[in-house]
Every structure is written in C-alpha cells, then in structure tokens.
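This report concerns only the one structure given below.
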Amino acid sequence: MFIGIDWGGTKMEVIALGRDGETRARHRVPTPTSGYDDCIRAVVDLVAAAEQMAGERGSIGLGIPGSPSPRTGIVRNSNAVLINGKPLGRDIEAAIGRPVRLANDANCLAVSEAVDGAGRQARVVFGIIVGTGHGGGLAIDRKVHAGYQGIAAEIGHYPLPWMTKEECPGHKCWCGKLGCLDMYACGTGLELDYRRTTGIDRRGRDIIELKRAGDPVATGVYKRFVDRLARSLALLTNIVDPDVFVLGGGMSNVDEIYGELPALIAGYIFGDSFETPILKAVHGDSSGVRGAAWLWKE
C-alpha cells in the first residue's frame with residue numbers, strides 16, 4: 272500500500288492507494304496554524320488514520336510547497352513559511368519511525384499524471400499548476416526529476432518570457448524579484464491584471480464569467496493571461512520539449528485555453544510547428560496527493 276500526504280496552505284490530505292491505484296483510505300484536516308510541531312503531529316495522525324481505515328501499513332510520501340535540499344534535507348522556497356529552514360523529512364521520519372520521501376507538490380502532480388493520468392503513455396511529462404501561482408514539475412519515466420540542486424522545474428520564478436514594453440520591468444514577486452511568472456501566468460496574475468486595468472477587485476472565476484458574457488475588459492485581461500501562459504510553455508518547449516504538458520490548478524479548468532494555447536505557443540517556439548499535447552490533469556485536485564503516494568512506486 273502507498274500512502275501520500277498533500278501539505279497545503281489550508282488543508283492536509285492523506286490517501287492510501289493499492290498497487291493498482293485503487294483508493295483504500297482518504298482523509299483531510301485543516302493545516303495547523305499553531306506551529307511546526309503541531310504540523311508534524313498532524314502528519315503522524317493522518318498516517319495513523321489512513322492505516323487504521325485500510326487495515327494495512329504503507330510506504331509514506333509527502334508533497335509540499337517548496338522543496339528539500341538534496342544535500343541537507345532542509346526545506347527551501349516554501350510559501351508555507353514555517354517549514355522553511357527545517358529538516359522536515361528527518362523530523363517526520365523521527366516522529367513516525369519509518370522512511371519518508373518528500374517532493375515538491377508540482378512534481379507530485381507530474382508523477383501522478385505520469386503513472387496513471389493524462390501522461391500515462393508518455394516518458395517525459397511536464398506538469399504545471401496554474402492556480403494561485405504558477406508552478407512546475409517534471410517526471411521522467413514516472414519518477415520525479417528534481418535536478419542536481421533539487422530545484423528543477425521551478426518555473427514560477429523565472430521572468431515572464433518575451434516581455435512587452437508595457438510589461439517591463441515586471442511586478443514585484445513575493446520572492447523579492449521582478450517579473451516572475453507567479454505574478455502573471457496564474458489566477459493571481461489574472462486578478463492582478465484586472466485590478467490594475469479597472470481598479471476593481473474580482474475573483475478569477477468571476478473574470479472568466481464576464482469574459483464568457485462578452486465583457487471587453489475581461490476579454491482583454493483573459494487574452495493577456497493566455498498569451499503569458501503560452502510564453503511559459505513555449506520556453507519550456509525550447510528547453511525541455513516534453514512529450515506532454517499536463518495542467519492542474521484552478522485555472523486549468525478554463526476549458527477554452529486548451530484550444531487557444533497551441534497556436535499562440537507556435538508563434539514563440541524556435542521551430543516550425545507546435546504539436547505537443549496539452550492536457551488537463553485526469554485526477555484534478557487529487558493529483559498532488561496521489562503523486563505523493565506514488566513517490567514509492569518502482
């Protein structure tokens with residue numbers, strides 16, 4: 272049995288999968304806000320709950336925002352700031368008494384979809400979370416490719432490619448740099464663009480509904496968002512050229528983007544055509560937690 276835990280900003284979720292991917296147990300709790308030690312305890316309790324429900328012990332994988340250093344095990348670059356600078360994997364292993372594998376949550380998306388999702392027929396799967404932010408994960412032969420320093424596919428923090436004059440020098444990102452994709456090719460970017468254009472705060476889903484109703488301002492904001500997303504995928508195509516792109520996160524549910532992205536990407540890549548499939552994650556919001564479980568699948 273394979274146990275996966277998704278460490279989110281507002282909730283922690285556990286799933287237990289059988290060898291054929293069938294769900295044996297599933298449970299979620301609010302992510303504790305009272306401190307690091309309480310979060311460790313929540314992980315321990317989730318594992319115990321899953322094993323009690325399934326009646327069996329399992330391997331343990333954990334998907335987190337941010338990533339552990341391959342040399343020190345210290346977590347970096349997490350927007351769940353209380354785990355930054357902590358040896359999270361070692362602390363959980365000590366609390367549970369068993370080995371634990373950690374991976375970035377977007378890498379878990381890529382592994383999930385590579386094992387038994389939209390990319391199950393592909394060797395190189397690039398998963399992109401287009402949600403509150405813009406994050407990437409890379410799976411090769413159904414395993415995480417984290418890179419030498421453990422930061423492969425950290426696409427949210429390279430600059431928006433091919434910036435226009437109006438876009439330069441870029442919005443300031445939470446990481447401290449200017450122009451990061453986390454400020455553009457995601458739900459936050461859509462909402463920020465609408466606010467800067469109109470002076471009005473609207474949620475992403477409402478902007479999309481206005482666009483579908485023919486509102487010209489919302490349509491312009493949406494078109495800029497899709498073009499920015501296309502630039503990200505074009506740069507990734509030039510560098511990685513994966514067999515498939517798989518999109519997850521809230522903005523991946525905007526069905527129109529799948530018909531519009533290929534032609535836009537073709538205008539940016541260094542090639543004569545763009546034919547790479549761009550697919551929606553089969554497992555949707557469950558891709559992260561399932562991918563964490565599959566970190567142990569050989």
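In my numbering, the protein residues as written are 272 to 569. For each residue, glycine too, the CB sits at the ideal point set by N, CA and C. Quantities reported herein were computed from a predicted structural model and do not represent experimental measurements.
- In this structure, Pro-513 lies away from Gly-421, with their beta-carbon atoms at least 8 Å apart.
- Under the three-pair Cβ rule at 8 Å, the segment 290-301 counts as touching the segment 314-321.
- The continuous stretches of beta strand (DSSP E) do not include Lys-494, which lies in the alpha helix (DSSP H) extending over residues 487-510.
- Asp-362 and Ala-325 have their C-alpha atoms some 25 Å from each other.
- Residue pairing from DSSP places Lys-551 in a beta bridge opposite Leu-518.
- With a threshold of 16 other beta carbon atoms within 10 Å, Ser-558 meets it and is buried.
- In the three-state scheme derived from DSSP, where H, G and I count as helix and E and B as strand, Arg-474 is classed as coil.
- The criterion of a C-beta distance shorter than 8 Å is not satisfied by Ile-549 and Leu-566.
- DSSP places Ser-558 inside the alpha helix (DSSP H), whose first and last residues are 558-564.
- Nearest to Asp-412 by C-alpha distance, out of Gly-447, Pro-430, Leu-506, Val-386, is Val-386.
- With distances taken between CA atoms, Ile-540 lies nearest to Leu-504 out of Leu-504, Gly-368, Met-434, Arg-372.
- Ranked by how close their Cα comes to the Cα of Asn-375, the residues Asn-348, Pro-358, Glu-364 have Asn-348 in first place.
- A distance below 6 Å between beta-carbons, with the five flanking residues on each side excluded, links Gly-521 to the following residues of its chain, in chain order: Gly-402, Gly-458.
- Per DSSP, the unbroken beta strand (DSSP E) holding Glu-284 starts and ends at 282-288.
- Counting only residues of its own chain and dropping the five nearest sequence neighbours on each side, Ile-399 has a CB closer than 6 Å to the CB of Gly-407, Leu-518.
- Contact annotation, Gly-450 with Leu-431: C-beta distance approximately 5 Å; criterion of less than 8 Å satisfied.
- Between Ile-536 and Ala-501, the C-beta spacing is below 8 Å.
- In this structure His-428 is not in contact with Cys-439, their Cβ atoms being roughly 18 Å apart against a cut-off of 8 Å.
- If you draw a straight line from the Cα of Gly-562 to the Cα of Ile-286, it is about 10 Å long.
- From the listed residues Val-553, Gly-306, Leu-461, Thr-343, the smallest Cα separation to Asp-498 is found for Leu-461.
- Contact annotation: Leu-359 and Leu-380 have beta-carbon atoms that are not nearer than 8 Å.
- One thing to note: Leu-409 has its Cβ within 8 Å of the Cβ of Ala-424.
- Along the length of the segment 335-395, whole beta strand (DSSP E) runs at least 3 residues long occupy 371-375, reported in chain order.
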